[in-house]
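Beneath this line is the structure, given in structure tokens, with notes to follow.
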Amino acid sequence: MKVQSTFIISALSIAWGVCASAAEDEFVSPMIELFEAGVLCAQEGGRVRLAPDTLAGTTHVVEEAPQFVSTERLVPGVLGIGFGVRSGLASDLGQDGVLMTVTHPPFEGSGATQQSFTTVVGSRDVPNITFYQFDYGYELALGAWTMSATYGGITLYETTFHVVPPSALPELAGVCGYLDLIG
Numbered sequence: 006m007k008v009q010s011t012f013i014i015s016a017l018s019i020a021w022g023v024c025a026s027a028a029e030d031e032f033v034s035p036m037i038e039l040f041e042a043g044v045l046c047a048q049e050g051g052r053v054r055l056a057p058d059t060l061a062g063t064t065h066v067v068e069e070a071p072q073f074v075s076t077e078r079l080v081p082g083v084l085g086i087g088f089g090v091r092s093g094l095a096s097d098l099g100q101d102g103v104l105m106t107v108t109h110p111p112f113e114g115s116g117a118t119q120q121s122f123t124t125v126v127g128s129r130d131v132p133n134i135t136f137y138q139f140d141y142g143y144e145l146a147l148g149a150w151t152m153s154a155t156y157g158g159i160t161l162y163e164t165t166f167h168v169v170p171p172s173a174l175p176e177l178a179g180v181c182g183y184l185d186l187i188g
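For the sequence shown, the positions run 6 to 188 when the numbering used here is used.
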């Protein structure tokens with residue numbers, strides 16, 4: 006009897022911990038059918054779109070959605086590494102004009118802690134990816150980075166990544182071949 010109750014308590018504790026962890030770092034609206042988050046490598050090509058509420062003033066739009074090299078929320082602070090969300094609404098149509106707000110630790114020099122730009126959440130059959138990529142040394146701010154997608158004041162999803170020193174994740178830091186760009 007003691008073994009059984011210990012097992013049940015342990016299972017409940019583990020389940021509660023998983024739920025608390027997911028609830029603490031992530032929210033996904035029932036309107037979202039597909040939600041995947043992770044770490045990715047920089048992409049060549051694409052186009053640049055104006056994004057006045059970002060420090061750089063632009064965002065990079067890729068034609069081909071990159072694959073995640075990790076689905077963890079730990080990100081090595083290395084130039085060329087990115088992190089983000091592949092998402093699709095629970096409908097046949099996607100939604101443009103979605104506000105992506107990225108909140109992060111203060112950037113060295115500017116002290117900026119938030120940037121925002123518009124993006125697209127795809128459909129169930131044609132999802133879209135929105136990501137943040139480290140292009141400049143000042144962006145390598147260690148700590149919690151939260152990506153929040155809203156439309157018309159309704160949160161579609163929110164997730165938090167944790168940027169850590171490259172030495173904390175040496176294999177992931179080198180997976181894209183950008184380790185020589187460590188800032």
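Glycine residues also receive a C-beta, built at the ideal position from the N, C-alpha and C atoms.
Expressed to the nearest angstrom, what Euclidean distance is found between the alpha-carbon atoms of residue i and residue j?
| i | j | result |
| --- | --- | --- |
| SER96 | GLY114 | 43 angstroms |
| LEU55 | VAL131 | 24 angstroms |
| SER34 | THR160 | 7 angstroms |
| TYR143 | ASP30 | 25 angstroms |
| GLY99 | VAL169 | 33 angstroms |
| ILE37 | ARG129 | 8 angstroms |
| THR164 | THR63 | 22 angstroms |
| ALA178 | VAL83 | 7 angstroms |
| GLU176 | PRO71 | 19 angstroms |
| HIS109 | TYR156 | 21 angstroms |
| LEU45 | LEU94 | 22 angstroms |
| PHE136 | GLN120 | 13 angstroms |
| GLU41 | LEU145 | 23 angstroms |
| VAL107 | THR151 | 6 angstroms |
| THR4 | THR59 | Lying outside 6 to 188, the shown extent of the chain, residue 4 is not represented and no answer is given. |
| ALA28 | PHE166 | Its pLDDT being 43, under 50, ALA28 is placed unreliably in this model, and the value from its coordinates should be taken loosely. ALA28 and PHE166: Cα-Cα distance of roughly 14 angstroms. |
| SER26 | VAL66 | For SER26, the predicted structure reports a pLDDT of 37, less than 50, and the residue's modelled location is therefore unreliable. A value from the coordinates is still provided. Distance between the alpha carbons of SER26 and VAL66: 31 angstroms. |
| SER172 | VAL53 | 31 angstroms |
| PHE112 | PHE32 | 26 angstroms |
| ALA149 | ALA61 | 20 angstroms |
| GLY189 | PHE139 | Here the chain comprises residues numbered 6 to 188, so residue 189 is not present and cannot be evaluated. |
| LEU39 | GLY116 | 34 angstroms |
| GLY158 | PRO57 | 20 angstroms |
Between residue i and residue j, how many whole angstroms is the CB-CB distance? I'm expecting something under 8 angstroms.
| i | j | result |
| --- | --- | --- |
| ASN133 | SER92 | 7 angstroms |
| LEU174 | PRO81 | 4 angstroms |
| GLY50 | GLU68 | 6 angstroms |
| ALA47 | GLY85 | 4 angstroms |
| ALA2 | TYR141 | It is not possible to answer for residue 2, since the shown part of the chain is limited to 6 through 188. |
With DSSP as the reference, please indicate the residues paired to residue i in a beta bridge.
| i | result |
| --- | --- |
| MET152 | VAL107, THR164 |
| GLN48 | DSSP output for GLN48 lists no bridge partner at all. |
| LEU55 | THR63 |
| VAL169 | PRO81 |
Practice item. Taking only runs that begin and end inside the stretch 60-95, name each unbroken beta strand (DSSP E) of 3 or more residues, in chain order. Key: 63-66, 79-81, 86-94
Review point. Is the stretch 101-114 close to the stretch 70-87, with three or more CB pairs under 8 angstroms?
Key: no
Point to revise | Given 8 angstroms, three or more beta-carbon pairs between the stretch 112-129 and the stretch 169-183 | key: no
Point to revise | Segments assigned alpha helix (DSSP H), at least 4 residues, entirely inside the stretch 102-147 | key: none
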